[in-house]
Every structure is written in C-alpha cells, then in structure tokens.
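Engineer: All the letters of the sequence shown, read from the start, carry residue numbers 14 to 586 under our numbering. Note that the Cβ used here is the ideal one computed from N, Cα and C, for glycine as well.
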Amino acid sequence: MTVKKKFLGELLIEAGLITKGQRDKALKEQRRLGKRLGETLIDMGLVSETAIAEALSAQLGMPFREMKAVSLTPDVVSLVPETIARRHRVLPVAVSDGKLTLAMADPLDVFAVDEIRRITRMSVDAVVATESELLKAIDKFYKGAELDEALKAIEAEPRPAAAAPEAVEETPVVKLINTVMAQAVKDRASDIHIEASLESLRVRFRIDGILHEVMRPPKHMHPGIVSRVKILSGMDIAEKRIPQDGRFPVDIEGRQFDIRASTLPTLHGEKIVLRLLEKTAGLPTLEELGLSEETHRTYEKLIQKPYGFILSTGPTGCGKTTTMYSSLRNIHTNEKNIVTVEDPIEYNIKEINQVQINPKAGLTFASGLRSILRQDPDVIMVGEIRDLETASIATHAALTGHMVLSTLHTNEAVGAIARLIDMGVEPFLITSSLIGVLGQRLIRRICPHCKQSFTIKRKADKDEMETIVHDAPDTDIFREIGLEGREQVLYRGTGCEECRNTGYLGREGLFELLLITEGIKKLIVQKAPASAIKAYAVSEGFRTMRQEGFIKAMKGITTIQEVMRVTEEAEAE
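#1: Leaving out five residues before and five after Thr-403 in sequence, what residues of the same chain have Cβ atoms less than 6 Å from its Cβ?
#2: Can you round the beta-carbon distance between Arg-273 and Arg-288 to whole angstroms, since I take them to be within the 8 Å contact cut?
#3: Whole angstroms is fine: what's the gap from Lys-318's alpha carbon to Gly-303's?
#4: Going by beta carbon distance, what residues of the same chain come within less than 6 Å of Ile-277, once the five residues before and after it are set aside?
#5: CB Ile-587 to CB Leu-376, shorter than 7 Å?
#6: For Arg-9 and Ala-118, which I take to be in contact (beta-carbon distance under 8 Å), what is that distance rounded to the nearest angstrom?
#7: Express the C-alpha separation of Gln-501 and Ala-548 in angstroms, rounding to a whole number.
#8: Kindly indicate which three-state DSSP category Gly-452 falls into: helix, strand or coil?
#9: For the beta strand (DSSP E) that contains Phe-270, what are its first and last residues?
#10: Only counting runs of 4 or more residues, tell me where the alpha helix (DSSP H) segments fall wholly within the stretch 55 to 111, in order along the chain.
#11: Determine, using beta carbons only, whether Pro-120 and Met-75 come nearer to each other than 7 Å.
#12: Which same chain residues end up closer than 7 Å to Ala-566 when comparing Cβ atoms and leaving out the 5 residues on each side of it in sequence?
#13: What distance in whole Å lies between the Cβ atoms of Leu-324 and Ala-429, which are believed to be in contact at a cut-off of 8 Å?
#14: According to DSSP, is His-235 helix, strand or coil?
#15: What number of angstroms, rounded off, separates the C-alpha of Val-352 from the C-alpha of Asp-88?
#16: By the DSSP assignment, the alpha helix (DSSP H) with Val-502 in it spans what residues?
#17: Would Ile-443 and Ile-533 be called neighbours here (beta carbons separated by less than 7 Å)?
#18: Could you tell me which whole beta strand (DSSP E) segments of length 3 or greater appear in the stretch 363 to 445?
#19: Report the rounded CA-to-CA distance for Pro-461 versus Ser-339, giving the unit in angstroms.
#20: What residue does the beta strand (DSSP E) around Ala-139 start on, and which one ends it?
#21: Can you find the residues in the same chain that come closer than 6 Å, C-beta to C-beta, to Lys-232, ignoring five residues on each side of it along the sequence?
#22: When burial is assigned at 16 or more other CB atoms within 10 Å of the CB, is Thr-346 buried or exposed?
#23: Taking a contact to mean a Cβ-Cβ separation below 7 Å, would you say Ser-446 touches Thr-420 in this structure?
#24: Just to confirm, are Gly-522 and Gly-332 a CB contact at a threshold of 7 Å?
#25: With a threshold of 7 Å on Cβ separation, who are the neighbours of Gly-222 within its own chain once the five nearest residues in sequence on each side are excluded?
#26: To which residues of the same chain is Gly-396 closer than 6 Å at the C-beta, ignoring the five residues directly before and after it?
#27: Starting from Ala-209, follow the beta strand (DSSP E) in both directions and report where the run begins and ends.
#28: According to the Cβ coordinates, are Ala-98 and Ile-151 closer than 7 Å?
#29: Less than 7 Å between the beta carbons of His-206 and Val-286, yes or no?
#30: Taking Leu-451 and Tyr-312 to be in contact with their CB atoms under 8 Å, please state how far apart those CB atoms are, rounded to whole angstroms.
#31: Could you give the DSSP three-state label for Ile-223: helix, strand or coil?
#32: Between the Cα of Ala-410 and the Cα atoms of Ala-139, Gly-321, Asp-37, which residue gives the shortest distance?
#33: Taking the CB atoms as reference points, tell me whether Ala-39 and Arg-78 lie closer together than 7 Å.
#34: Rounded to a whole number of angstroms, what is the C-alpha to C-alpha distance between Gln-43 and Val-137?
#35: Return the residue from the list Gly-51, Gln-72, Ala-209, Glu-266 that minimises the CA-CA distance to Thr-96.
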C-alpha cells in the first residue's frame with residue numbers, strides 16, 4: 014500500500030475542514046498537551062471524529078468503513094496481536110488473495126503498516142475508520158482471543174500431572190496466568206477463581222458480583238498453575254495441606270494492581286482465588302458512591318462531627334473500606350491528624366498516616382489502635398472491628414474526643430448493634446459512643462446499551478410483576494413500592510454483547526443510614542431485638558436498603574429484580 018507523504022493538518026486544510034490558522038493553533042495545543050493532532054482538533058471543537066475519517070478517506074482515496082456493521086472470524090482477528098492492534102489503533106477486517114484489509118484510525122501511520130506487513134507477511138490495503146469505533150471493535154473481537162491462544166499453547170505442550178517446582182517457569186503456564194489476569198482486567202472482574210474437580214479444571218471471573226466461567230484449561234496443568242501462583246505471592250510451594258495467603262503486584266496495560274492470592278486445599282486439589290485491587294484507580298468521592306441525596310447530606314454532616322463512632326456494615330466485598338476511605342478524604346484538612354490501622358492498606362491517601370498491621374510482629378488492630386491514641390489523633394480509621402478488645406478501645410476512643418470510623422460484618426445497619434453486644438461491648442458504651450451506622454451493598458446497574466422502559470399497572474401486570482420479583486407472590490410489591498392504583502415506568506436491560514447478555518453493566522452502592530437517636534439509645538440499653546430497633550427507626554423516617562433500592566429502580570438505575578436479590582438476605586435477618 015502506498016500512502017501519500019502528507020500530514021493530517023494539510024489534508025484537513027485541503028478538505029476545507031479547518032484553516033491554516035486553526036491548524037497552527039491546534040499544533041501549539043498538541044505540543045502542550047502531548048496529544049495527537051486529530052484528538053486535539055476534536056477536543057477544541059474544530060472538527061468531528063467522523064469528519065476527520067471521511068476527509069482522510071476522500072483525500073487518500075481509501076474506503077471509509079463503519080465498524081458497527083463489521084463481523085469478523087477469529088482466524089482473521091488472530092493475524093494481528095491485540096497489543097499491536099491497540100498500540101496502532103488498527104483492526105484486521107478481511108483477507109483476500111494474500112492481501113490483508115486493515116481498518117485504521119490513522120492511515121498515514123506508515124510505521125504501523127510496515128510492522129503489520131512484517132508480522133503477517135502479507136501486503137496491506139487500508140480502510141479508514143473512526144478511532145472510537147475501532148477501539149470498541151478491538152474490545153469486542155479480541156475478547157477471549159488471548160485466552161484461547163494461551164490455551165492452545167498449553168494443549169500443544171502437555172506436561173505430566175506432577176509438575177516439578179523448578180519447571181513452573183515454563184512459558185505456557187506463565188502465559189496462561191498472565192493472560193487470565195489481563196482478561197480479568199478487561200472484563201472488569203473483581204476476583205479470579207481457579208478450581209479443580211475430578212476430571213477438569215475451570216477458571217471463573219466474578220463480574221459485577223456474579224461468577225462467570227471463562228475457560229477450562231487441561232486438568233494436568235493444575236499443579237503448575239498452583240505452583241506459579243505460590244511463587245508469585247510468596248507462599249510455601251511444598252505445603253499443600255493447609256490454606257495459604259499471599260499477595261503480589263502486577264502491571265497490566267499500564268495499570269498497577271495488587272493481587273491478593275489465597276489457596277484452599279480441596280478434595281481434588283488446591284483452589285485458588287485471586288482478588289484484583291487496582292492501585293492506580295481513583296478513589297471515588299462520596300457523591301460517586303451511590304448515596305441518595307438525602308442520605309449523602311446526612312452522612313456528610315455525621316462525619317464532620319468532632320467525635321463519635323461511625324460504622325460501615327455489610328458482607329465481604331460490598332465496598333465498606335472504599336466508603337471509609339472516601340469519608341476520610343472528605344473530612345481531611347491540614348488542621349486534622351488522621352491515622353488509620355488497616356489490613357491490608359488498599360488505597361494510599363496523601364497526607365494521611367496509614368499503618369499496616371503485622372500480627373507476626375505483634376502489631377494487631379488492638380495494639381495498633383492503642384499506639385495511635387498516643388499520637389494525638391483527631392480522626393482514627395480502624396480497618397475492621399474483629400474482637401472485643403478492638404471494639405472496646407474504639408468505643409473508648411470515641412468517648413474521649415476522637416472521631417472513629419470502622420467496618421463490621423453484618424447484613425444490615427441495625428445488626429451492628431447486636432453484633433457489638435454479642436462481642437461483649439456494654440450497651441451503655443454503645444449508646445455513649447456510636448452515632449451512626451451505614452449499611453451497604455453493591456447493586457448492579459442496568460446496561461445503558463440495551464436499556465429499555467416498560468410500564469407496570471396494578472392489576473393487569475400482576476403476573477409479570479410476580480415474575481419480576483422472582484418467586485415472591487406473597488409479597489405485595491405494589492404496596493411496598495407505592496404503586497397501588499397507579500402505573501409506573503420501570504426499566505430493564507434486554508442483554509447485549511457489552512453486558513455479556515446479562516442486562517447489567519457495572520455496580521454502585523446501595524445504602525441505609527441508621528442514626529442513633531435518643532429513642533434508639535433507650536432500646537439499646539433495654540437490649541431490645543434488632544426487629545424492634547428497626548421498627549422504631551422506620552417510624553422516625555429510617556429508609557431501608559430495599560426502599561432505597563426501589564427509588565433507584567424507579568429512576569432507571571437498576572431493576573426491581575436486582576433490588577430484591579441484593580436485599581433478600583438483609584431483610585430476612
């Protein structure tokens with residue numbers, strides 16, 4: 014393929030899309046920002062992405078191709094490695110008579126053409142496409158391709174079932190693990206599960222809280238995979254009888270992750286779980302967590318108080334620690350000494366003193382908290398309340414003029430009170446220190462790419478509504494949501510490639526905020542059951558997670574099904 018030796022700016026001037034003055038101004042801005050010229054012109058509002066692509070097509074005599082309608086086979090996609098496709102913003106779209114048709118965002122990039130010609134050993138014909146459509150197509154067509162490639166490499170080089178530790182560095186094993194982690198990042202997975210059964214080995218990703226099977230490597234690779242993970246995370250390779258934990262850093266496409274690894278001996282071999290924690294991810298603000306406007310306003314006032322004990326509750330992986338970090342960032346000022354004691358430190362926050370516990374060295378939550386109290390703190394964050402000693406020190410710290418934030422594993426906010434009492438904390442200490450409990454879950458959002466609305470009526474759609482709330486025909490969902498006698502527009506995702514045909518894409522927080530009022534304090538002293546405390550709180554205006562979820566459903570953020578799924582356990586407690 015022969016490309017005219019012209020720059021993008023010249024071509025756009027010839028096409029009449031920009032003037033020389035605009036080109037020169039854009040070039041100055043480009044040098045300042047370090048972006049490409051086309052991207053700079055678009056950001057400046059001088060020209061659209063489609064206009065640039067169509068101008069390049071006309072000026073260079075190359076066809077313009079819309080990527081939305083492209084359908085590709087794996088053998089064509091595999092001709093160009095994904096890393097090369099992403100680096101040069103290109104995608105192979107067809108092969109005919111020994112020629113490769115290549116969709117390019119920048120057909121003037123002769124270096125890209127030369128590299129792909131060398132890799133494929135084919136002549137290259139280019140078609141022009143917009144960069145945004147190309148990137149979406151790359152995400153779509155390369156999804157899982159590298160997993161398949163790694164799996165083929167392993168199957169091509171079978172190994173005996175008992176892999177020697179020194180042989181773990183063999184390329185197929187290393188490539189499989191690296192590729193699995195890279196694919197997990199692309200698929201927005203929070204955890205990777207590698208588990209063996211009698212005859213097979215499977216890999217699953219937890220995406221938006223739900224496990225999805227992604228591949229089944231050969232069973233004989235299991236010992237090598239386990240050994241590789243143990244080496245990476247500093248575990249004992251020879252020890253297979255007891256569970257082990259470890260961690261290791263990894264860089265995936267320029268993003269830094271801290272991988273928490275865990276092994277568990279099972280009947281058919283050790284199960285591995287890898288949790289992906291992105292170090293470079295921006296810490297969300299309180300506004301971005303998903304708090305309703307009223308809850309956000311009340312909670313923000315609560316954490317601004319000079320002293321008191323605030324708990325964030327919920328099951329493992331529901332975002333409690335993230336909420337605590339966002340709270341600290343919200344109240345951080347130069348006038349406050351903020352100290353945390355954590356296991357592990359998940360986010361590094363500037364100008365906040367963070368302490369990593371080390372039980373082997375005698376540094377536990379309780380001992381760390383005692384030491385922190387001698388450091389003249391204003392705000393203390395304890396990663397988790399795990400025992401009576403830590404709970405007692407935290408409550409006394411709140412009583413002596415400190416703001417204390419921590420987390421607790423309970424199903425709902427009200428359950429935190431009973432949990433503290435079960436630990437052995439005296440009710441009078443709870444009422445004197447605890448000022449609020451934030452219960453939370455993560456709820457899946459409706460996929461914006463396949464979202465559609467529908468209308469529910471009180472009588473006509475009763476069967477459909479019972480289906481929507483799963484198998485809960487005895488629940489008067491219409492009365493609970495407030496739909497008696499009226500229609501309501503709700504939303505759902507029909508399923509598409511973007512959301513893996515689930516109808517959901519991404520998650521956000523679902524919260525309930527329990528304020529410890531005078532009436533609730535009296536009930537705590539009386540050791541009233543959680544149901545009585547909850548009923549009283551509701552009479553004072555407390556909104557449960559389910560009620561907050563219904564509001565999100567009616568706003569089109571999530572679905573009634575998802576609200577019921579996430580809150581069933583909490584409501585049943």
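Structural biologist: Put simply:
#1: Phe-378, Ala-379.
#2: For Arg-273 against Arg-288, the beta-carbon gap comes to about 4 Å, under 8 Å, which counts as contact.
#3: Computed Cα separation, rounded: 22 Å.
#4: At residue 277 the sequence reads Leu, which differs from the Ile that was named. If the five residues before and after Leu-277 are omitted, its C-beta is found closer than 6 Å to the C-beta atoms of Pro-256, Lys-284, all from its own chain and listed in chain order.
#5: Lying before the first or after the last residue shown, residue 587 is absent from the chain, which here runs from 14 to 586.
#6: Nothing can be reported for residue 9, as the shown portion of the chain is limited to 14 through 586.
#7: Within the model, the alpha-carbon separation for Ala-548 versus Gln-501 is close to 27 Å.
#8: If DSSP states are grouped into helix, strand and coil, Gly-452 belongs with the strands.
#9: Per DSSP, Phe-270 belongs to the beta strand (DSSP E) from 268 to 279.
#10: Entirely contained in the stretch 55 to 111, the alpha helix (DSSP H) runs reaching 4 residues are, in chain order, 62 to 73, 87 to 90, 95 to 101.
#11: Taking 7 Å as the Cβ cut-off, Pro-120 and Met-75 qualify as a contacting pair.
#12: Same-chain partners within the cutoff: Leu-503, Thr-572, Ile-573, Val-576.
#13: In this structure Ala-429 is in contact with Leu-324, their Cβ atoms being roughly 5 Å apart against a cut-off of 8 Å.
#14: Helix, per DSSP.
#15: Take the alpha-carbon of Val-352 and the one of Asp-88: they are about 55 Å apart.
#16: DSSP places Val-502 outside any alpha helix (DSSP H); the residue lies instead in the beta strand (DSSP E), whose first and last residues are 501 to 506.
#17: Not in contact: Ile-443 and Ile-533 (Cβ atoms no closer than 7 Å).
#18: Secondary structure remark: continuous beta strand (DSSP E) runs of at least 3 residues inside the stretch 363 to 445, in chain order: 366 to 369, 392 to 395, 416 to 421.
#19: Whole-angstrom Cα-Cα distance: 26 Å.
#20: For Ala-139, the enclosing beta strand (DSSP E) starts and ends at 136 to 141.
#21: Excluding sequence neighbours, Lys-232 sits near Ser-213, Leu-214.
#22: Exposed, because fewer than 16 other Cβ atoms sit within 10 Å of the Cβ of Thr-346.
#23: No.
#24: Yes, they are a contact pair.
#25: Excluding the 5 residues flanking it on each side, Gly-222 has same chain C-beta neighbours closer than 7 Å at Leu-455, Arg-457, Arg-520, in chain order.
#26: Hits under 6 Å: Glu-355, Asp-356.
#27: For Ala-209, the uninterrupted beta strand (DSSP E) segment begins and ends at 202 to 209.
#28: Closer than 7 Å, so yes.
#29: For His-206 and Val-286, yes; Cβs fall inside 7 Å.
#30: About 6 Å separates the beta carbons of Leu-451 and Tyr-312, which is inside the 8 Å limit, making them a contact pair.
#31: Strand at Ile-223.
#32: Out of Ala-139, Gly-321, Asp-37, Gly-321 has the C-alpha closest to the C-alpha of Ala-410.
#33: In terms of Cβ geometry, Ala-39 and Arg-78 do not form a close pair [threshold 7 Å].
#34: Per the coordinates, the alpha-carbon of Gln-43 lies some 30 Å from the alpha-carbon of Val-137.
#35: Nearest Cα to Thr-96 within the set Gly-51, Gln-72, Ala-209, Glu-266: Glu-266.
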